[in-house]
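Shown next, in structure tokens, is the structure this report addresses.
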Amino acid sequence: DQQVKQNSPSLSVQEGRISILNCDYTNSMFDYFLWYKKYPAEGPTFLISISSIKDKNEDGRFTVFLNKSAKHLSLHIVPSQPGDSAVYFCAATRVSGTYKYIFGTGTRLKVLA
Amino acid sequence: NAGVTQTPKFRILKIGQSMTLQCAQDMNHNYMYWYRQDPGMGLKLIYYSVGAGITDKGEVPNGYNVSRSTTEDFPLRLELAAPSQTSVYFCASRTSGRMPEQYFGPGTRLTVT
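Chains as they are written, first to last, in the numbering used here: chain D, 45 to 157; chain P, 73 to 185.
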């Protein structure tokens, strides 16, 4: 049972345009969501997160939106840059209790110059 | 700070051999995790630890063992390696504070033939 799903394995976007990466979850107990970026041959690095008490969190070019009723979150990158080309993973957890994280399968973003 | 370090970077094992993947962090994080990432898949949790002397199973613990004798180190032991354990292994750590972002090591690529 895949509790966190990223249904788009890949996405290509022109430089300067918006990239939108999507993530769906099934477990309503999740209350904190994170996005990680991964370059080849490196470990994932934390990008941005959002608590379930919010519906939006911004950090520079990166914004994460959370729709709890739809159990859906999205990562917006504006404007997209070639250096953003990487695999993006969303993850979900409960802040108290399990200490476990469930990761999606990732979306490979390619930003075309 | 070196962050999270993992050794070795690469290893080839023969079926039935054993090895220990090393993980260390210098951020005084209480929580540490081991994940494996198979091609096209997300990260699957193998084991985690919430402090020295305390470990628990994740989603895919079979074939692995862990120990946590110090805050800094969290080695993962593979006994009787099998081809199904061919994967990239990531170690991660996080604080016990409110913000649950994990910090990942660079990974160990293991091939079992």
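Cβ atoms here follow ideal geometry from the backbone N, Cα and C, with glycine treated the same way.
Values in this document were obtained by computation on a predicted structure and should not be read as measured data.
If we define contact as Cβ-Cβ less than 8 Å, is G87 (chain D) a contact residue for chain P?
Position 43 of the first sequence holds residue 87 (chain D). Chain P contact via Cβ: present.
What are the boundary residues of the beta strand (DSSP E) that includes M113 (chain P)?
Locating residue 113 (chain P) in the second sequence gives position 41, counting from the first residue. Premise fails: M113 (chain P) is in no beta strand (DSSP E) and is neither H nor E.
Check G123 (chain P) in the structure and name its three-state DSSP category.
Start at 1 with the first residue of the second sequence, and residue 123 (chain P) comes out as number 51. G123 (chain P) falls in the strand class under three-state DSSP.
What residues match up with T183 (chain P) in a beta bridge as DSSP calls it?
Along the second sequence, one-based indexing puts residue 183 (chain P) at 111. Looking at the DSSP assignment, T183 (chain P) forms a beta bridge with P:I84.
Are there three or more Cβ pairs, one per stretch, closer than 8 Å when the stretch 45 to 60 of chain D is compared with the stretch 89 to 96 of chain D?
no
Touch test, the stretch 110 to 123 of chain D against the stretch 49 to 66 of chain D, Cβ-Cβ under 8 Å, three pairs minimum:
yes
Would T137 (chain D) and P133 (chain P) qualify as a contact pair, given that the criterion is a beta-carbon distance under 8 Å?
By one-based count along the first sequence, residue 137 (chain D) stands at place 93. By one-based count along the second sequence, residue 133 (chain P) stands at place 61. No, they are not a contact pair.
Buried or exposed: F176 (chain P), going by 16 or more other Cβ atoms within 10 Å of its Cβ?
Reading the second sequence from its first residue, position 104 is the one you call residue 176 (chain P). It is buried - the Cβ of F176 (chain P) has at least 16 other Cβ atoms within 10 Å.
Output the residue ranges of the beta strand (DSSP E) runs that lie fully inside the stretch 58 to 126 of chain D and measure 3 residues or longer, sorted by chain position.
63 to 69, 76 to 82, 89 to 95, 100 to 103, 106 to 111, 116 to 121
If you check the beta carbons only, do L110 (chain D) and S129 (chain D) fall under 8 Å apart?
Here residue 110 (chain D) is taken as the residue at index 66 of the first sequence, counted from 1. Here residue 129 (chain D) is taken as the residue at index 85 of the first sequence, counted from 1. Against a cut-off of 8 Å, the Cβ pair of S129 (chain D) and L110 (chain D) comes out as no contact.
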